[in-house]
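The structure appears below as structure tokens.
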Amino acid sequence: MCQNNVDEWPELVPHLQFSHNTSRNATVGQSPLELVFGLPARRPEQVMTREISTADPDFTFPDLSNAAIAQKLVREKTQKIQKALHVVRERVVLAQGRRNEKYRSRGEAFQVGESVRLKLSTAERRSKGGKKISPFLSRRYRVVKVLRGGWSYQVIPEDEPTARAKVRHYDELVRRTGTSTNNRLLLGSSKRSDPASPQ
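Residue 1 is where the sequence shown starts when you use UniProt numbering, and the numbers rise one by one after that.
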């Protein structure tokens, strides 16, 4: 599918769908299939048919014709799913709290007209000499446009207003405040200040 061979899609799409539905989510710790059915997916080689099960004298299929047994199985499965959903809600709330804390720690978004500096990459610093005293920040730029709700910004050099604008992610910008943190960056300190967070 990565090679965009549409002739193979009818055969590969079911495998891709199965992989997606059985992959565990990093936040909730379970797969979509587990949350819906209350148990991990069984691969084809794990499915036991009646013909195969007859070779195992210790295996017996549950008697679903007995209403009491069937109701018990349904009740156990429902309780398991409800417990899993409760754990998922707790994990989602915890993850949201971490994201909110990270957001609050980065301050407000940059505004159009605000003066900023760009964090220089290793290659850019190397082009300036690559020594310990080489700057971590660029010359002054000005924000001319907010993109993607504050995740990216279009900036131009303050001393070259007709220069071609650059697009940079908010993590690459540092607010020009004159604080000791920015001074350390300009002098080449390894400590970085937190960039502004998008709104």
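Every residue gets a Cβ at the ideal spot worked out from N, C-alpha and C, and that includes glycine. Every value quoted in this text rests on a predicted model; they were computed, and no experiment measured them.
The straight-line gap separating the alpha-carbon atoms of N5 and H15 is approximately 15 angstroms. About 10 angstroms separates the beta carbons of F110 and R176, which is beyond the 8 angstroms limit, so they are not a contact pair. Close CB contacts of R125 within its chain, under the 8 angstroms cut and outside five residues either way in sequence, are with S134, P135, F136 (chain order). When C-alpha distances from V36 are compared across K72, Q17, P10, T78, the shortest belongs to T78. S65 sits in coil when the DSSP states are folded into three classes, being neither helix nor strand. In this chain, Q17 is not harboured by any beta strand (DSSP E); it is covered by the alpha helix (DSSP H) spanning 9 to 22. In the three-state scheme derived from DSSP, where H, G and I count as helix and E and B as strand, P161 is classed as coil.
Of all alpha-carbon atoms in P10, G97, A84, the one lying nearest the alpha-carbon of R24 is that of A84.
Annotated as distal: T27 and A41, with beta-carbon spacing of 8 angstroms or more.
Scanning Q96, Q154, L173 for the CA closest to the CA of R164 turns up Q154. Only buried fits K119, as 16 or more other CB atoms lie within 10 angstroms of its CB. Per the coordinates, the alpha-carbon of K102 lies some 36 angstroms from the alpha-carbon of T162. In the DSSP secondary-structure assignment, V167 is bridged to Q154. When DSSP states are grouped into helix, strand and coil, V74 belongs to the helix group.
Here E160 is exposed. Its C-beta has fewer than 16 other C-beta atoms within 10 Å. Residue pairing by DSSP places R117 opposite R140, V174 in a beta bridge.
By the CB criterion at 8 angstroms, S152 and R168 fall inside the cutoff. Secondary structure note for S127: its alpha helix (DSSP H) is the uninterrupted segment 122 to 127.
In the displayed model, V92 falls within a helix according to three-state DSSP. Contact annotation, K80 with G38: C-beta distance approximately 5 angstroms; criterion of less than 8 angstroms satisfied.
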